[in-house]
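Inspection log for the structure reproduced underneath, given as structure tokens.
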Amino acid sequence: MGAYAAASFVAWFAAAGFAPWMSIIALFMASVAVAALLAPLVERGLLRVFYGRDEVLLVLVTYALFLILEDATKLIWGANPYFVSAPYALFGNVQVGEQAYVGYDFALVVVAAVCGIGVWWGLNRTRIGKVVLAVIHSAEVASSMGVNVSRVYTFAFMFGIFLAALGGALTAPMISVQPGVSVSVVIVSFAVVIIGGLGSIEGAAIGALIVGLARALAVHTWPPAELFSIYLAMAIVLVFRPEGLFLRVKARRI
Amino acid sequence: MKRTVWFGVSLVVIFLIAGLLLPKWLLFLCTMAAANGVVSLGIVLLMRGGVVSFGQGLVFAAGGYAAALLSNKLGVTDALLLTAAGGAAAVLMTAPFAVLLARYRGIFFAMLTLALSMVLYGVLVKMDALGGSDGFTMSRPTLLGMKIADAWSGYVLYSIAVVATGLLSIGARIYFDSSRGLVSLAIRENELRVEYLGASVTRVMAANFLLAAFLGGAGGALAIMALGHIEPNFSYWTTSGEFVFVAILAGHTGVLGAFAASFVLELVRSFSSSYFPNTWQMALGIFLLIVIRFFPRGLGSLIKK
Amino acid sequence: MSPVLSAKSLSKHFDGVVAAEAVTIAVAAGERVGLIGSNGAGKTTFVNLITGYLKPDAGAIELDGRDVTALGPREIERLGVARSFQIPQLCAEMNVLDNILVAAACGGEALSFWQPAHTAQTRERALALLERFALGAHAERRVAELPGGIRKLLDIAMSLTRRPRLLLLDEPTSGVSVEEKFPMMETVMAAIAGETHSEGTAVLFVEHDMEIVTRYASRVVAFYSGRVLADGAPATVLADADVRRHVTGGQI
Ligand SMILES: Nc1ncnc2c1ncn2[C@@H]1O[C@H](COP(=O)(O)OP(=O)(O)O)[C@@H](O)[C@H]1O
Ligand SMILES: [Mg+2]
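If you want it as structure tokens, here you go:
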């Protein structure tokens, strides 16, 4: 959704005659728009109904949602690929020694780092973040202490959607946006989260690095192995740490 | 147990007789529903232990490719033998992962199985020896040493599917009712207690995974014999998703639900191509949400009441 | 004769919280040990350590002289140690009878792929066990619908299907009204006597009610912030000054 929205926003901006650098703003606006439209709809209208149910059921609900949204994007944007090249050209090339690198890639790394650090800071160092953590730990206790749990859920979900949409929007300039891009993203981002450990931001960062490096290594040494490199990395980590690199403390049961 | 066997056998006989009256298109539809239903029955079996595999396309493809290769390269053509071989091949293929996967639940299990199936998909697409993304065709199987005549092929393939799925279903029912089957249900609810009672949760889950693989592989073999053509799509995530869909629709209470649900899906699919070709997935998704919301134990629970 | 259970200077810390510190306890066959201590004293932790759910930071656990420190709950159960839980651990969507059948199946040698879980024989045995716990009338009820006291009893009944050598009961009467505590304990102890191991099942139970402790324990161990404060005959331990200060708060 983020990638498609980005395609539309960048196209509108160009049509409206804005300067090319404004396309960056278009990317961000696309993500905000997706979060603002989609998140409340999905969270209020759908997930709310299923809170407190089996985890497996929630997996199925999100899967159903995935099916629906896949077709929805096809209905809205059609099946033909989109190219969002304006932002990509913006940063020019960076010369490092012999090699020339695309400036946009560097910019992406910076944005990712800012996002990661920002989320970590927001969760651990701000009041709102601590409230969110409290709700994750025990919604009941938090609500008895006067936290509006339902608003926290909506907020957290909306923010999550925003980040996901931003990921899509920022990737859009590097790929051709077409049906089917989502599955591979789901699997890769899940691999990242699993490697890092569910619920850990540091873990996600390190997981992303591992997956990225594994892929790069495969592409350099033996390209056909690119796909497996991700799973191989994941499998190796899981054999040694079944819950990922960073364990989240679990609530006591007995 | 005796009652299960008798009930199963009589149902098989009824379906064999009923098949004589069905038009060709419906015969084929029922054959596919039976083949796919067995795969979903595997997911139902897993669901009883509390996990859902989003990658049963993996074993479906493993069974299908194994049967097709055996027939094309080694000249093994007997339909029942190929069905069993498909199941066995799927078990062999997933065995190395069984113990690793048995430790995971919920979304972890779902995504890890999905990842595995997508790896196989990736491999199959790149393997030119297996026809790459186009796949390859398999000639019609034989039955007990006899060639199947053209005029009867639809009915014979249907009968093979009915008999094979009948046997597997009887086996599944016996398993569901067994001590191990009951312990599976207990694991779904409280695995800590099961471990504390002295049973190995990991071993039960690993065995369930392999049993589901056998069902999936057998289903794959049955499907390829009916279709005559196999391609990497067997292992694609949308294929797996449809199996999950059928299993959810069926619920985990019974065996027959899986086939009823599978039949419904095949029926809807055959109409969808003419009525809503572009929103097939969306329709599936919406239907799935409705089932989860209003029939959390599957439509199978309706049949029982 | 070597003791059934021998815990040797067990220690367990959780981020600075001392849950067990140099805990040394030996339990002989047939003994009835009451474990007392205020909330957070480390009673459940002790049970969790013995049953392999938690691994001690230091110390060793022996069953019949065999070192079992490294084993997990399943292996320890197989050596004849059963436990009940402070919060009953049941299969809530199943009925009472099925819960017992699960316990019986898990206790068997190997789980059968085809032998039915429900047979005239297994049902009869399960119902007999339920009868001992006065649960026969609830056999077909779904566990989730049952009141707390019944669930507690079922939790204990499940731990008895294999005639353990050592039974650890974590607060068997908690969450039950004062009047019901005695009848409940009476039922439990009678049932244990009925399902007892040939050498005499050793029972270790965690209990807050001192009257119950004096009535049913042949020996009392008092815990305070992870340490054993006193260990001995009920009268002696309950009269101990430290125990009165830290555990019983001067009652009796
Ligand atoms: N799994 C755990 N994680 C963190 N702290 C724990 C855990 N288990 C016990 N504790 C802590 O250890 C101490 C002893 O707990 P516990 O053994 O449950 O006490 P009791 O059963 O005597 O009330 C408590 O402070 C408790 O918070
Ligand atoms: Mg306790």
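Residue numbers (our numbering), protein chains in the order written: chain A, 14 to 267; chain B, 789 to 1093; chain C, 651 to 902.
Idealized CB from N, CA, C, for every residue including glycine.
Check, Outcome
"Can you give me the Cβ contacts of residue 721 of chain C inside the same chain, cut-off strictly under 7 Å, excluding the 5 residues immediately before and after it?", "702"
"Would DSSP call residue 607 of chain C helix, strand or coil?", "The structure shown does not extend to residue 607 of chain C, since chain C is modelled only from 651 to 902, so the question has no answer here."
"Which residues in chain B have a C-beta closer than 7 Å to the C-beta of residue 203 of chain A? List them in chain order.", "899"
"Do three or more CB pairs link the segment 654-672 of chain C to the segment 693-710 of chain C at distances below 8 Å?", "yes"
"What residues match up with residue 712 of chain C in a beta bridge as DSSP calls it?", "C:656 and C:717"
"Please state whether the Cβ-Cβ distance between residue 782 of chain C and residue 852 of chain C is less than 7 Å.", "no"
"Following a CB-centred definition, is residue 823 of chain C positioned closer than 6 Å to any heavy atom of ligand 2?", "no"
"What do you reckon, is the C-beta of residue 693 of chain C under 6 Å from a heavy atom of ligand 2?", "yes"
"Quick check: the segment 1048-1057 of chain B against the segment 1031-1038 of chain B, are at least 3 beta-carbon pairs closer than 8 Å?", "yes"
"What does the alpha-carbon distance come out to for the pair residue 1024 of chain B and residue 909 of chain B?", "6 Å"
"So is the beta-carbon of residue 736 of chain C under 6 Å away from any non-hydrogen atom of ligand 2?", "yes"
"Just reading off the alpha helix (DSSP H) that residue 771 of chain C is part of, what are its end residues?", "770-782"
"Return the chain-ordered list of same chain residues with a C-beta closer than 7 Å to the C-beta of residue 259 of chain A, the five sequence neighbours on each side being excluded.", "209, 210, 213, 215 and 216"
"Output, in sequence order along the chain, the residues in the segment 1008-1041 of chain B whose CB is closer than 7 Å to any CB in chain C.", "none"
"Within the chosen definition, does the segment 822-836 of chain B reach the segment 994-1007 of chain B through at least 3 CB pairs nearer than 8 Å?", "yes"
"Across which residues does DSSP place residue 852 of chain C in a beta bridge pair?", "C:816"
"Tell me whether the segment 847-867 of chain B and the segment 803-818 of chain B touch, counting them as touching only if at least three CB pairs, one residue from each stretch, are closer than 8 Å.", "no"
"Which class does residue 1092 of chain B belong to by DSSP, given the choice of helix, strand or coil?", "Low confidence applies to residue 1092 of chain B: its pLDDT is 49, below 50, so where it sits in the model is not reliable, and the reading given next is rough at best. Of the three classes helix, strand and coil, the one that applies to residue 1092 of chain B here is helix, per DSSP."
"How close, in whole Å, do the beta carbons of residue 1074 of chain B and residue 223 of chain A come, if the pair is a contact with beta carbons under 8 Å?", "Contact doesn't hold; Cβ gap of about 37 Å is too wide."
"So with CB distances below 7 Å, who are the chain B contacts of residue 755 of chain C?", "967, 970 and 971"
"Give me the Cα-Cα distance between residue 855 of chain C and residue 874 of chain B, rounded to the nearest whole angstrom.", "54 Å"
"Counting beta carbon pairs with one atom in the segment 820-829 of chain C and one in the segment 764-774 of chain C, are three or more of them shorter than 8 Å?", "no"
"Looking at the structure shown, is residue 793 of chain B part of a helix, part of a strand, or coil, going by DSSP?", "helix"
"Residue 688 of chain C versus chain B: which residues are under 9 Å apart at the beta carbon?", "Those within 9 Å of residue 688 of chain C in chain B number zero; the least Cβ separation is about 26 Å."
"Using three-state DSSP, classify residue 669 of chain C as helix, strand or coil.", "strand"
"Within its chain, find whatever has a CB closer than 7 Å to the CB of residue 844 of chain C; leave out the 5 residues flanking it on each side and keep chain order.", "782"
"Using the Cα positions of residue 1014 of chain B and residue 931 of chain B, report the straight-line distance between them to the nearest angstrom.", "13 Å"
"So, with DSSP's three-state summary, where would you put residue 729 of chain C?", "coil"
"Consult DSSP for residue 930 of chain B and reduce its assignment to one of helix, strand or coil.", "strand"
"Using a threshold of 6 Å, is the CB atom of residue 664 of chain C nearer than that to any non-hydrogen atom of ligand 1?", "yes"
"Any chance the CB of residue 109 of chain A is under 6 Å from a heavy atom of ligand 1?", "no"
"Measuring only from the beta carbon, is residue 669 of chain C closer than 6 Å to any heavy atom that is part of ligand 1?", "yes"
"Thinking C-alpha only, which one of B:957, B:1043 and B:972 is nearest residue 890 of chain B?", "B:972"
"Quick test of your reading: residue 753 of chain C and residue 839 of chain C, contact by CB under 8 Å. State the CB separation rounded to the nearest angstrom.", "Residue 753 of chain C to residue 839 of chain C, Cβ: 20 Å. No contact."
"Which residues does DSSP list as the beta-bridge partners of residue 106 of chain A?", "A:115"
"Just mark residue 257 of chain A as buried or exposed, buried being the case when its beta carbon has 16 or more other beta carbons within 10 Å.", "buried"
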